[in-house]
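Below: one structure, written as C-alpha cells.
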Amino acid sequence: MRVLAIPALFASAFMLAGCGQGEAPQQAVAPAAPAAPVSTVTVRQIMLGLVIPAADVVWGVANEAPADDAAWEKVAASAAMIAEAGNLMSTGERVVDQAEWLTYVKAMRDAATAAAAGAAAKNVDQTSDAGNTLYETCDTCHMKYMLAREGK
Ligand code: HEC
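Counting from 1, position 44 in the sequence shown corresponds to residue 43 in numbering that gives the first Met the number 0; the numbering is continuous, with no gaps.
Pasting the structure below:
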C-alpha cells in the first residue's frame, strides 16, 4: 500500500505545481479515490428505520424465546444494530449538544451491546435483562431531548 501511495502523492504534487504555473501535467494522472461516504440521516430516521424495529426484536425475547439458532442470530444482529445506531448518533449534525447527549447515547450502546452478548449466549434472561436496561436508556434520553424539541 505504502509503495503504491507514494507515486500517487508525487503525481498530485506535480499536478498542483503544474496548475500553479498554468501548465497541465504531461502524464496521465490516476483517477482520484472515491470520496469518503457522508452520512446524512437524521436522528428521527435512525429511530424510525433502525432503532425501533431492532428494539422490537430484542424486546420480543421476553415474550417468546427464539426458536432456533437463526432466530437468536437475528436478535443478536438487531441488538448490534442498535449499538451501531449509537455510533451514527455520535457523529455529525446528530450530536445535539455537548451536555448529556453523548452520555445517553453511550448508555444505549452499552445496553444494546449487553443484549447482543446475551443473544450470542442464547440466554433469555440475560437478553431480556439487558433489554429492560435498554428500555430505560431510551426513556432517559427522550425525557430530556424529545420533550425539549417539542418545546415542553
Ligand atoms: C440519545 C438520545 C436517544 C436515545 C438513547 C433514544 N432516542 Fe428515540 N428519539 C430521540 C430523539 C431526539 C427523538 C425525536 C426525533 C425527532 O422527531 O426529530 C426520538 C424519537 C423516538 C421515537 C418517536 C418517533 C415518532 O414517531 O415521533 C421513538 C418511538 C423512539 N425514539 C424510540 C427509541 C427507542 C426504542 C430507543 C431505545 C432502544 C430510543 N428511541 C433511544 C433520541 C433518543
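All C-beta atoms, glycine included, are put in the ideal place defined by N, C-alpha and C.
query                                                                                                                                                : result
For E63, which three-state DSSP category applies?                                                                                                    : coil
By alpha-carbon positions, which one of A69, A98 and A106 ends up nearest to N86?                                                                    : A106
Specify, as a first and last residue, the run of the alpha helix (DSSP H) that E72 falls within.                                                     : D68 to L87
Would W110 pass as a contact of T136 if the rule is Cβ separation under 8 angstroms?                                                                 : Per the sequence shown, residue 110 should be read as Ala rather than Trp. Contact flag set, yes.
Please name the residue in A118, R148 and Y144 whose C-alpha comes closest to that of G59.                                                           : A118
Buried or exposed: T90, going by 16 or more other Cβ atoms within 10 Å of its Cβ?                                                                    : exposed
When every heavy atom of the ligand HEC is checked, does at least one fall within less than 7 angstroms of the C-beta of R148?                       : yes
Taking 6 angstroms as the limit between beta carbons, can you name the residues of its chain near T39, skipping five residues before and five after? : none
Could you give the first and the last residue of the continuous alpha helix (DSSP H) run that contains Q97?                                          : Q97 -> no alpha helix (DSSP H), and no H or E assigned at all.
Taking Cβ positions, are M80 and L101 nearer each other than 8 angstroms?                                                                            : no
Determine, using beta carbons only, whether T126 and V42 come nearer to each other than 8 angstroms.                                                 : no
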